[in-house]
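Quick note: the sequence shown, position 155, residue 177 per this note's numbering, numbers continuous.
Ideal Cβ positions, reconstructed from N, Cα and C, are used throughout, including at glycine.
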Amino acid sequence: MKRVMAGTVLLVSALVVPAAPAAAKVDPIKALKARFVAGQGVKFKTVQQVKVKGGNGSVTQEIGVIQFGPKGALASDLTKKMRYDKGFFDDSKKDEREMRKLLEAPGRVISLPKAAYMQGRWAGELPEGKSWVRKRPIPPVPDGIIISVFEPDTVKALIARADSVRGGVVKGSTTSAKMAALSPVFRKQYGPGGKSESGQISKITYAFTLNKEGLVTRLHATMRMPVPGGSIVDHVSDTRLYNWGARVSVAAPRADQVIDEKDLKR
């Protein structure tokens with residue numbers, strides 16, 4: 023899976039993207055790696071819709087920043103909010119308004135190399151005086167992105183296997199199993215084998231746009247995930263990346279506002 027034919031190397035190293043007054047050849051992998059500078063990063067907005075085929079679903083919006091280090095994405099700070107379709111909680115024993123108030127409340131997530139800090143809806147009930155819970159580290163990217171375009175090897179492989187590379191837009195398809203074998207972030211988010219709870223493999227389609235510098239500015243990805251009972255859950259994600267090279271410094275919350283997950287009484 024990690025082998026790349028000689029012809030595809032030429033595709034990656036000489037991808038044509040729009041530029042004025044004439045098209046210029048750029049290398050998206052070199053362009054991405056050049057952004058891995060301490061204290062710099064990129065801003066993003068990700069919207070993901072998750073819906074059971076023929077049923078209700080939810081929409082999650084994540085807005086924030088990613089901080090880079092010499093090897094890639096190092097930390098992130100994002101706000102996150104979910105919205106559920108009307109009727110989503112019909113089978114719940116609790117009142118729908120009560121459920122919505124609880125689950126649609128916004129939250130904030132800070133991801134650092136040694137820990138993740140969560141506030142609001144993703145922190146749960148906390149003791150008085152505490153507003154953050156510290157948990158194990160998580161990937162410093164939006165949960166809803168599906169494909170991490172901050173991994174050079176992942177971007178390189180997706181370009182090489184694309185069905186279409188035209189006008190700075192890369193389109194293709196793959197599977198969750200292939201993504202799990204390729205992407206460390208995907209493995210952490212969806213499991214080492216990339217299989218659903220029913221043990222099946224999901225189909226993934228992707229399209230991302232490169233600017234004249236070869237950097238991804240927009241990513242659209244879909245994942246059709248088989249689930250127990252023979253149904254399908256569709257994940258549709260749209261991410262916009264902007265202000266590449268922005269000054270970014272992600273820091274942990276004040277220590278006196280934080281409680282460790284293991285110290286919470288549930």
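(request) Starting from the Cα of Gly267, find the closest Cα among Pro174, Gly91, Ile85 and give me that residue. (result) Gly91
(request) Could you have a look at Gln279 and say whether DSSP puts it in helix, strand or coil? (result) helix
(request) State the DSSP-derived secondary structure class of Ser224, mapped to helix, strand or coil. (result) coil
(request) Name the residue from Gly251, Asn233, Thr244, Leu204 whose alpha carbon lies nearest to the alpha carbon of Gly221. (result) Gly251
(request) List the endpoints of the continuous beta strand (DSSP E) containing Val238. (result) 238-249
(request) Pick helix, strand or coil for Arg183, following the three-state DSSP scheme. (result) coil
(request) With DSSP collapsed to three states, give me the class of Ala44. (result) Because Ala44 sits at a pLDDT of 45, beneath the cut-off of 50, its placement in the model cannot be relied upon, and the following sentence gives the value as read from the coordinates. Coil.
(request) Take Val72 and list the residues in its own chain whose beta-carbon comes closer than 7 Å to its own, dropping the five residues that flank it on each side. (result) Gly79, Ser80, Val255, His257
(request) Could you spell out where the alpha helix (DSSP H) holding Arg158 opens and where it closes? (result) Segment: none, Arg158 is in no alpha helix (DSSP H) and carries neither H nor E.
(message) Rounding to the nearest angstrom, what Cα-Cα distance links Val270 and Ile88 in this structure?
(response) 7 Å
(message) Just to confirm before moving on: does the CB-CB distance between Pro164 and Thr227 stay below 8 Å?
(response) no
(message) Quick check on Val207: does DSSP put it in helix, strand or coil?
(response) helix
(request) Kindly indicate which three-state DSSP category Leu96 falls into: helix, strand or coil? (result) strand
(request) Output the boundary residues of the beta strand (DSSP E) element that contains Ala60. (result) Counting along the chain, Ala60 falls outside any beta strand (DSSP E), and DSSP gives it neither H nor E.
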